[in-house]
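Notes follow the structure.
Residue numbers (this note's numbering): 83 to 176.
Here it is, written out as structure tokens:
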């Protein structure tokens with residue numbers, strides 16, 4: 083089961099809720115993990131520095147179409163609150 087991971091440090095949108103409330107631009111950690119459970123399905127999680135997102139991504143067909151659905155801010159840590167998101171992607175070569 084392939085695992086992908088990313089980790090970074092940033093300011094601006096990646097600030098903690100405390101830094102946002104204080105009006106400072108302190109750096110904060112952000113990152114993500116993705117686990118390919120089967121070739122057609124991956125589980126995804128991401129931390130933006132102030133909210134946690136969870137999702138599933140699938141490529142169920144024999145052509146490069148990827149469907150992703152998830153929930154942003156599952157910890158209800160931001161002013162926007164928990165949100166549902168989805169995307170569809172298709173890739174092609176020139």
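The beta carbon of each residue, even a glycine, is placed where N, CA and C say it ideally should be.
These numbers were taken from a predicted model, which means no experiment stands behind them.
Rounded straight-line distance, which links the Cα of residue j to that of residue i
i: residue 87; j: residue 104; result: 30 Å
i: residue 164; j: residue 154; result: 6 Å
i: residue 159; j: residue 90; result: 20 Å
i: residue 115; j: residue 100; result: 24 Å
i: residue 135; j: residue 152; result: 7 Å
i: residue 150; j: residue 118; result: 13 Å
i: residue 124; j: residue 83; result: 9 Å
Burial state of residue i (16 or more Cβ within 10 Å)
i: residue 110; result: buried
i: residue 97; result: buried
Residue i - DSSP class collapsed to helix/strand/coil
i: residue 141; result: coil
i: residue 96; result: helix
Sequence-distant residues of the same chain with beta carbon closer than 8 Å to residue i, five excluded per side
i: residue 122; result: 140, 141, 142
i: residue 108; result: 93, 97, 98, 101
i: residue 132; result: 96, 97, 98, 99, 102, 110, 159, 160
Cross-strand partners of residue i (DSSP beta bridge)
i: residue 130; result: Its beta-bridge partners do not exist; DSSP assigns none.
i: residue 86; result: 116
Proximal residues to residue i (C-beta, below 7 Å), its chain only, five neighbours per side dropped
i: residue 173; result: 146
6 Å Cβ shell around residue i - same chain, five flanking residues per side excluded
i: residue 167; result: 152, 154
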